[in-house]
Amino acid sequence: MKVFKTIDRLRKLRRDTARNDLSIGLVPTMGYLHDGHIELVRRSVRDCDVTVASIFVNPTQFGPGEDFESYPRDLKRDIKLLKEARCDAVFCPEAEELYPAGFCTTVTVEGLSEQLCGRYRPGHFRGVATVVTKLLMSALPDRAYFGRKDAQQLIIIERMAKDLNMPCRIIGVPTVREADGLAMSSRNSYLTPEERAAAPVLYRALCAAKEMIDSGERDTKRILAAAGKIINSEPMVKLQYLEAVSRENLLPVETLRGKILIAVAAFLGKTRLIDNIMLDLEES
Ligand code: AMP
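Position 259 (the sequence shown) corresponds to 259 in the working numbering; numbering is contiguous.
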């Protein structure tokens with residue numbers, strides 16, 4: 001497996017694969033890999049001739065007071081896991097490689113970036129859209145893989161790729177969970193044992209919402225009240241938001257129909273966790 005730090009080397013890999021008529025899949029990550037990340041790699045290895053993972057803790061998507069400095073990092077272990085997953089190359093640039101002195105161009109996906117997490121993390125999705133654009137422009141992959149765990153991010157990137165005519169298919173991969181339902185996340189490593197024990201309540205609440213919907217309930221208020229009650233019954237969890245929105249525009253819906261996202265963000269101590277379910281309901 002090749003490991004490189006420069007955009008030039010990434011472009012060379014792209015040129016070599018194109019010359020041999022091989023397809024290329026890109027898996028952008030911030031490292032400290034877990035099985036959720038590796039599932040994206042597995043999907044790419046299955047679909048594409050060459051798979052490149054990127055590992056870059058992107059400073060521009062962290063706000064002041066967020067965990068950029070303390071974000072977990074373990075490149076050696078990540079490289080081992082990627083090798084085992086049969087990834088072909090890893091791009092792990094320094095910040096200066098992606099953000100040269102004088103950098104002043106950003107990508108903003110209007111509207112979608114201001115909902116849900118965007119309300120509490122201003123500028124976050126501008127940072128995400130900008131770095132993903134730079135990675136896509138550098139690797140020029142045929143397909144790029146993103147987790148549904150970060151549903152708003154996936155929806156924003158799909159919109160951006162469409163709006164900017166990016167020649168790349170964006171593939172969403174289902175959330176990989178621990179045995180007790182907790183969505184895998186690099187940030188789970190921050191949790192104390194007590195917080196870790198409480199954390200699955202988020203997914204339990206989402207499953208309860210889904211059960212109500214499966215038995216015919218469509219009233220958002222009633223569904224969110226029931227799910228919110230489950231979350232609030234866990235004293236270690238501080239709910240930030242719990243919303244049911246349309247996947248088209250991420251705006252709240254009163255009655256559930258069509259493509260729906262039920263998304264939650266909550267703090268366990270200092271750790272902010274997110275989770276969601278996506279539902280495809282009859283339009284009428
Ligand atoms: P991150 O390193 O957290 O920026 O995540 C890199 C990619 O992995 C993003 O597309 C995430 O949505 C995806 N990802 C993170 N956790 C999971 C998970 N539990 N299941 C599936 N994909 C995930």
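Glycine included, C-beta positions come from ideal geometry on N, C-alpha and C.
Note that the structure is predicted; figures quoted are calculated from it, not measured.
Among the options, nearest to residue i - alpha-carbon criterion
i	options	result
Ala263	Ile231, Asp78, Ala151, Gly181	Ala151
Asp16	Leu140, Ile170, Ile156, Met160	Leu140
Pro174	Pro167, Arg148, Met166, Asn165	Arg148
Ile7	Lys221, Glu94, Asn58	Glu94
Val45	Ser23, Glu178, Asn58	Ser23
Leu154	Ile79, Arg11, Val132	Val132
Asp88	Arg73, Glu39, Leu26, Gly102	Leu26
Asp74	Glu283, Asp219, Glu217, Leu33	Leu33
Gly285	Val245, Arg11, Pro122	Residue coverage of the chain in this structure runs from 1 to 284, which leaves residue 285 outside it and unanswerable.
Ala265	Cys207, Ala226, Asp275	Asp275
Cys92	Cys104, Glu254, Ile79	Ile79
Ser138	Thr271, Leu13, Leu281	Leu13
His124	Gly228, Pro59, Met166	Pro59
Ile156	Asp142, Leu164, Asp280, Val109	Val109
Pro372	Glu178, Asp142, Met160, Gly181	With the chain running from 1 to 284 in the structure shown, residue 372 is simply not present.
Thr105	Leu81, Tyr120, Thr130	Thr130
Tyr295	Phe267, Glu282, Cys48, Leu164	What the structure shows of the chain is the stretch from 1 to 284, and residue 295 is not part of that stretch, so it cannot be assessed.
Thr220	Glu282, Ala244, Leu81, Phe68	Ala244
Lys83	Leu281, Lys2, Glu283	Lys2
Asp67	Glu39, Met30, Arg43	Met30
Gln115	Lys162, Ser246, Gly258, Ser70	Ser246
C-alpha distance - residue i paired with residue j, whole-angstrom precision
i	j	result
Glu269	Ser233	Residue 269 is actually Gly in this sequence, not Glu. Roughly 16 Å separates the two Cα atoms.
Ala144	Lys210	29 Å
Glu172	Ile230	The question names Glu, yet the displayed sequence has Gly at residue 172. Those two C-alpha atoms are separated by around 28 Å.
Leu224	Asp214	14 Å
Val248	Arg126	According to the sequence as given, residue 248 is Glu; it is not Val. The straight-line gap from Cα to Cα measures roughly 19 Å.
Phe4	Leu10	8 Å
Tyr190	Thr271	7 Å
Ile55	Arg159	23 Å
Leu279	Phe103	40 Å
Cys117	Tyr241	8 Å
Leu81	Val90	11 Å
Glu39	Arg222	35 Å
Residue i vs residue j beta-carbon contact at 9 Å
i	j	result
His37	Ala18	no
Ser185	Leu256	no
Ala85	Val50	no
Gln61	Val128	yes
Lys76	Leu98	no
Leu250	Gly111	yes
Pro72	Arg187	yes
Asp35	Val253	no
Arg204	Gly181	yes
Ala226	Ala208	yes
Ile277	Leu164	no
Ala179	Ile170	no
Simplified DSSP state of residue i, which is helix, strand or coil
i	result
Phe91	strand
Asn58	coil
Asn276	strand
Tyr305	This structure leaves residue 305 out entirely; the chain is present only between 1 and 284.
Asp312	Only positions 1 to 284 of the chain appear in the structure, and residue 312 is not among them; the question remains open.
Thr130	helix
Ala225	helix
Leu268	strand
Val176	coil
Lys80	helix
Tyr203	helix
Thr51	strand
Arg43	helix
Glu194	helix
Ala85	coil
Thr17	helix
Glu158	helix
Residue-level contact to chain B via CB, residue i, 9 Å cutoff
i	result
Arg222	No chain B is part of this structure, which consists of one protein chain only.
Three or more C-beta pairs below 8 Å linking the stretch 235 to 243 and the stretch 185 to 199: yes
Nearest-residue set for the ligand COA, Cβ under 6 Å from any heavy atom: By its list of ligands, the structure shown excludes the ligand COA, since it contains just the ligand AMP.
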